[in-house]
Amino acid sequence: MRRRTSLAAALALGTAWAASACGIPTGRDPEVVDDAPTNFGESSGTAAETFEPTAEADVTVQNFLKAAAGDPASRDDRLNKFTATSSEQFSDAASGIRLLDDIEVTVGGGNPIESANVTVTASVIGVYLEDGSVRMSSSPSAYEETFMLGRDGGLQDVWSIESLPSQVSLDYRQFLDSYRASPLYFQADAPQLLVPDLRWIYADLDAETDRRLLLDWLLRGPSEFASQSARSAIPTSTTAKTSPRDGVVEVDLTLGEPVDDRTVQDAITAQVAWTLGLSDGFVLTADGDTIGEGTLADWREWNAIPVDLPQTAYFLFEETVWQYTAEEVTTEAPDHSWVGFQADGLRQVAVGPADQIAAIVAGTAGDVLTVGPTDSAMGAVGGLGTALADPQWHPASAILVVSDGVPTVVNPNSRAVIQPLTVGEAVTAMALAADGRRLAYVEGGHAWVAPLNVDADGNLQAGEPRRIGTDIEDVTDIAWSSENYLWVTGKRDDDTLFRVAIDNSRTDVQAGTAGLVFSEVAANPADPVESNLNRGDPVLVVANDTLYRVHTSGPEGVRNGSHAVGGTAPFTVLQ
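Those letters in the sequence shown? Residues -21 to -1, 1 to 554, per mature numbering (1 follows the signal peptide of the UniProt record, and there is no 0), in order.
Right under this line is the structure:
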C-alpha cells in the first residue's frame, strides 16, 4: 500500500513528532567548509615546514620529535641536523616511527651555557610504518627518554643532541597535521572492483616524489588486514618508474612475470590509476607495451561508491518508509518504489538490486525477514532467529542480517539461510562497506571492522576483525562516512559522535553533540575522488526517536515547516 501524508498531519499521530529540537530551515543545504580538491593525488602546493635546532634546549628536542615527518628518503638527513657529528645512524626505517602523544618536556641538570639534560615523557600510541600504514596500539605504552645536549658556548648558539633515542619517534600532533590519507587500491575477488588499503603520506612532497613513493608501496602488495579481502593484480618482483611528460604521467612497469590476459591488464591499470590519483591523464606500459591509458575517470566504476550520490536518505515512522531530502520529507517518490512502503510491525528496511527490499517486521513469535519487490511478491526467509537487525544487501547477490546476534548470510532468491559468518556472537548493529569487502559491526558496546571475501564457491568468509575507536565506549551504531572512515555513535567523556579512520590513526569528534545520545546513524559515503571531508552527505542520526541531520557545525533537528521530525531506522541507498 502506498500513501502520501504531510508530516504536519502526521504530527498528530504520534508523540515522537512533538519532541523539541533546534531545527534547520526547510531546504537548507549542507554547510561547505572548504572546496573539494582538484589536484587529486598531487602535493598540497604549500611550503614544507622545517624543524631545526635552536638556542633553547626544550624547543630543540621538541623540533627533533617533529623532524622525522617528511620524505622518508631524507629522514636521517633531517634528524642529523640536530646531532653533533651530523652522521649518526638512526633506527632502521623498517622498525617504523613511533607516534608520541601527551608529550611533556622537562629541562634539568647540566650547565645552561654548555650542556643540558632534557627529559621527555609521553605515550607511545602507535607506529608509522615504512609502507605508509599506521599500526595503532590498543594499550598505549609509556615513553621516557633523556636527551643530553651540548653546545660550544654562548647563549645564542644552537644545541646539539649528543645521546640518541633507541628508535625514531614523531610527535603525533605533527603526524596529524602533516600527513594525508592516500589509500592504495587492490583487486577484490570480483571483476572491476577495487578495495582500498588505507595509507598515509607526507602532504608536502612534490608530485613526482609522491607518485614514486605510492607506486613503491603498491608494488609491495596489500597490508595484512586488506590482504584478507583483496589481492594485487601486479605480479610480484615487478619494478616501476614514473615520469611526467607534456602534462601526462607515464608509468612504466617491468613485470615480474608476463601478463597477457586483458582482464588482468585492466585490473593493473585500475590499481595504478586509483592509487596514484591520475585524474589528469596517464599512459601505463608493461614490458614496453601500452596496457592502459586515459584518466582516472575512465576507471571510475571500479570503485563501488557511485558518482554524485544525491543528498537523499530514508527513515521509518509509523511502520512506513519516508524519504528525506533537503527540501522535503515525503512518502511518495515516483522513482523509488520503496518510499511509502508499509507493513505491520515494520522495524528496518534495506534496498537492493531492482528496487527489491529486505524488511524486518515484528511478528507474534519474534522478528521476521521478508524479501522481494514492494508488493505481494515479498516472502519470509526461513531458518533465522527471532531477534533480527540491520539487513544489508551484499554485491555478491546475498543479504547479510544479524540473527540472534550473529551476522548471517541469506540467499534473497531462495529466501533461505546460507551460513552464519565466523565473526561476532552478540552483534547489535552492523554496516557493510559499499565494496562489500569490509563489515563494520557493534558488539559488547564496541565498534569493530572485519574484512570479507568471496571464496571460489561464492561463499562469504570473514577475516580477523579489529576494534575501531579503542577509547570509545557504549557504542550503539555505526555507518560508513567514506571508504576509509566510520561514523560511530558512543561515548568518550562528553562526546557522543565520532568519525574514526579504520586503522584508528585518527578520531574526529563531531561538534555540537552535547546533551545528545544517539541510538542510530546512517550516511551516504563520501565520494572517494571529489571529497576531502570524509563525511558523506546526508548524515542522519536518531536521538530519542527524533531525527537530526549532521552538518559540519553540528547536528540540527530535521524539521518539516515548524514541526520536529521523528522517526527511526534511517538508511541510505547507493544507487
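Glycine is no exception: its CB is placed at the ideal position from the N, C-alpha and C atoms.
- About 18 Å separates the beta carbons of Ala548 and Gln335, which is beyond the 8 Å limit, so they are not a contact pair.
- In this chain, Gln153 is not harboured by any beta strand (DSSP E); it is covered by the alpha helix (DSSP H) spanning Tyr151 to Ser157.
- Residue pairing by DSSP puts Asn539 in a beta bridge opposite His542.
- Within the model, the alpha-carbon separation for Ile457 versus Val520 is close to 10 Å.
- Asp168: not part of any beta strand (DSSP E); DSSP gives it neither H nor E.
- Look at Glu280 here: in three-state DSSP terms it is helix.
- Val537 is the residue among Val537, Val479 and Ala46 whose C-alpha sits nearest the C-alpha of Gln302.
- Pairing Leu149 with Gly105, the inter-Cα distance amounts to about 10 Å.
- Taking the CA atoms as reference points, Trp317 sits about 19 Å from Ala377.
- Within the same chain, and ignoring the five residues on either side of Ile92 in sequence, the residues whose Cβ sits closer than 6 Å to its Cβ are Gly132.
- In this chain, the beta strand (DSSP E) harbouring Asp456 covers Glu452 to Trp459.
- Judged by beta-carbon spacing, Val389 lies within the 8 Å limit of Leu348, meaning their Cβ atoms are closer than that value.
- Residue Ser222 holds the alpha-carbon nearest to the alpha-carbon of Asp185 among Trp196, Val300, Ser222 and Asp369.
- Within 10 angstroms of the beta-carbon of Val286 lie fewer than 16 other beta-carbons, which makes it exposed.
- DSSP places Ala73 within a helical segment (H, G or I) once states are collapsed to three.
- Closest option to Gly235, judged by alpha-carbon separation, among Lys45, Arg199 and Val228: Arg199.
- Excluding residues up to 5 positions away in sequence, Leu163, Tyr164, Leu193 and Leu197 lie with their Cβ nearer than 6 Å to the Cβ of Thr254 in the same chain.
- Distance between Asn539 and Leu288, taken at the CA atoms: about 23 Å.
- Beta-bridge pairing by DSSP links Glu307 to no other residue.
- In the DSSP annotation of this structure, the continuous segment of the alpha helix (DSSP H) that includes Thr39 starts and ends at Ala36 to Phe43.
- Going by beta carbons, Ala219 and Val230 fall inside the 8 Å limit.
- No Cβ-Cβ contact shorter than 8 Å links Phe126 with Ser139.
- Comparing alpha carbon positions, the residue from Asp434, Pro214, Asp482 and Phe477 closest to Val496 is Phe477.
- For Ala182 against Arg210, the beta-carbon gap comes to about 29 Å, at or over 8 Å, which does not count as contact.
- Around the beta-carbon of Arg178, 16 or more other beta-carbon atoms lie within 10 Å, marking it buried.
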